[in-house]
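Input: a single structure, listed below in C-alpha cells.
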Amino acid sequence: MNAINEEPEHQEIEALLPWYAAGTLSRRDANRVEQALAGDRELARQYDLVREELVETIHLNETLGAPSARAMERLFAAIDAEEARAPRHSRLFDFGSRIPEFLSSVTRRTLAWSATAAAVAILVQAAVIGSVVVKEQGGPSGPRLTSAPSEGSYAVVRFAPQATADDMTNFLRAYKATVVEGPLKGQLYRIRLSETKLPEEEVGKIVRQMQSESNIVGFVAAKE
Amino acid sequence: MHSTPDEVLIGRIANGDRLAMQVLYARYHVRVFRFVVRLVRDEATAEDVISDVFLDVWRQAGRFEARSRVSTWLLAIARFKAISALRRRRDEELGEEAAAAIEDPSDNPATALEKKDKSAMLRKCLAGLSAEHREIIDLVYYHEKSVEDAAEIVGIPENTVKTRMFYARKRLAELLKSEGIERGWP
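Residue numbers (numbering that gives the first Met the number 0), protein chains in the order written: chain A, 0 to 223; chain B, 0 to 185.
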C-alpha cells in the first residue's frame, strides 16, 4: 500500500498493522502479520510507528475526561418522563391495532367477573395471541397457529382471564417463547420454549418459573 | 469477579430494568462520551448526545440483535447522533485547517514547553486530523474495534475501513512532517 510496485500481500499485511497492534485481528491474520514481521525489517519499522500512534491516541483520549453527572441526570429524567407518559410494558410490543387498548381498558375492570364477558375475553385473547404470532412470524403469510413444528422444547399454557395483551407479550418475550399452536381444548396454547431440545430439568425449571406468574398464566405444563 | 454480560443487561433493559440501565451506563458512558466529544468537539453537546444515546438504548433494547457486540451498537448509535448534532450546528463546518487550529486538549503552559517533544506533537497532530480520520483512528486504536466492527459503526465496507485507516495514518505523517517531524513514512 505504501508504493505502487509493492506486492499485494505486503500491502495487505501493512494495512493490518494497526489492528495487530490493538490486538483485534483474528488468530489467522495475527499469525500472518507475525510471520511477515519476523522477516521484514521495513515492516517492523512500520509497526513501531503504529505502536507510537496507538500509545498517543490512547493518551489523547484519556485526557478527554468524563461526562458530568448532568448527562446521567438528563438521561434518567427522560426515562422517568417516558415511563410516566407510557409505562414500559406498553411500549415493548406494538401490535399496531386497537386490541391491546381494548384489553387493557376493559378486561381487567369489567370482563373478568362476568361469565359472559369471560367468554368474550377468551375470544379476544385468542385474537390477541393470533396477532402476536402474525406480528412475530412475519404477517399473514407466516405459519398459522395450527401448524405445530415438532423440534425443540414445548409447554402448554392457559393465560389468566385478567391478563392483558401487554402481559402476554411481555411474558412470552421474557421467556423467549413463541405460540405455535392453539387455541386447543380448554383454551390452552402450545408454546415453544426453545428451538433446540432442552434437558428435562431445564424445561422443568422454566415451567416452574412460569407457574409463579399466576397473575398472567392460569395453567402451564411441559409438553413433548 | 464475574460481571453480567452486556447482552444480559440489554435483555433486562428491554424488560424495563432501570438498575440494568444504570450498570450499562456506568460501564460505557465514559468511552461513548470520549468517542462523541472527539467528533463534536464540545463537551456540553457530547453530554447531550450520550444522554440521547442511552435513551435510545432504553427504548430500543428489545430490538437489539445479538450478532452485534453491545459496545459496537452503542458507538454506531453515538456516531449517528453526533453527526446529527453537528448538522444542527451551523458553525460546525470545520475543515481540517480549522480543526488544526483548535487548542490541543492536552495544551497547557507546562506542555507548551514540550511542544518539540515528539509525543506531544503526535497528539497535537492526531487532534488536528479531519473528523473522518480522527474517527477511524479512535475506533481502531482507542476503542479496540476490529475491521468488521469499525465497518458496522461507520457504515462502510471492510476494505474501505482499511484504506481509510491507511490514509488517516498517511495524513498524520504529513501533519507531523509539516511540524518538522520526519517519520520516514510514507
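Where is the CB? At the ideal position from N, CA and C, for every residue including glycine.
Remember, it's a predicted structure, so these values are computed and weren't measured experimentally.
Taking C-alpha positions only, S67 (chain A) is separated from G38 (chain A) by approximately 49 Å. The stretch 6-79 of chain B is shown to contain no whole beta strand (DSSP E) run of 3 or more residues. If you check each beta-carbon in the stretch 161-178 of chain A against every beta-carbon of chain B, the ones closer than 8 Å belong to N169, R172, A173. Against chain A, a Cβ distance below 7 Å from I136 (chain B) picks out T56. Contact with chain A is found for F32 (chain B), since one of that chain's Cβ atoms lies less than 8 Å from the residue's Cβ. DSSP places Y141 (chain B) in the helix class (H, G or I) of the three-state scheme.
V52 (chain B) places its beta carbon less than 8 Å from that of A77 (chain B).
Contact with chain A is absent for K80 (chain B), since none of that chain's Cβ atoms lies less than 8 Å from the residue's Cβ. Per DSSP, G217 (chain A) is one residue of the beta strand (DSSP E) stretching across 216-222. Listed along the chain, the chain B residues whose CB falls inside 8 Å of the CB of N60 (chain A) are R33, R37, D137, Y141.
H132 (chain B) has a beta carbon lying at 8 Å or more from every beta carbon in chain A.
Taking 8 Å as the threshold, the shortest C-beta distance from I12 (chain A) to chain B does not fall below it. Of the candidates B:Q21, B:E147, B:I136, B:E42, B:Q21 places its Cα closest to the Cα of E72 (chain A).
The residue among A:E13, A:Q10, A:T163, A:A35 with its C-alpha nearest the C-alpha of I215 (chain A) is A:T163.
Chain order gives no chain B residues near R26 (chain A), where near means a beta carbon separation below 9 Å; the closest approach is about 12 Å. Under the Cβ criterion (8 Å, minimum of three pairs), the stretch 141-152 of chain B counts as touching the stretch 64-74 of chain B. Listed in chain order, the positions of the stretch 61-77 of chain A with a beta carbon within less than 7 Å of a beta carbon of chain B are T62, L63, A65, P66, S67, R69, A70, M71, R73, L74, A77. In the three-state DSSP reduction, E180 (chain A) falls in the strand class (E or B).
Residues of chain A whose Cβ lies closer than 8 Å to the Cβ of A126 (chain B) are, in chain order, L59.
Rounded to whole angstroms, the Cβ separation of T177 (chain A) and R191 (chain A) is 5 Å, and the two are in contact under 8 Å. One finds L121, L125, I136, Y140, R168, L171 in chain B with Cβ atoms closer than 9 Å to the Cβ of E52 (chain A), taken in chain order. In the three-state reduction of the DSSP assignment, R88 (chain B) falls in the coil class, being assigned neither a helical nor a strand state. With the rule of 3 Cβ pairs closer than 8 Å, the stretch 118-130 of chain B counts as touching the stretch 45-58 of chain A. Annotation: V22 (chain B) has no Cβ neighbours in chain A at a cutoff of 9 Å; minimum Cβ distance is about 12 Å.
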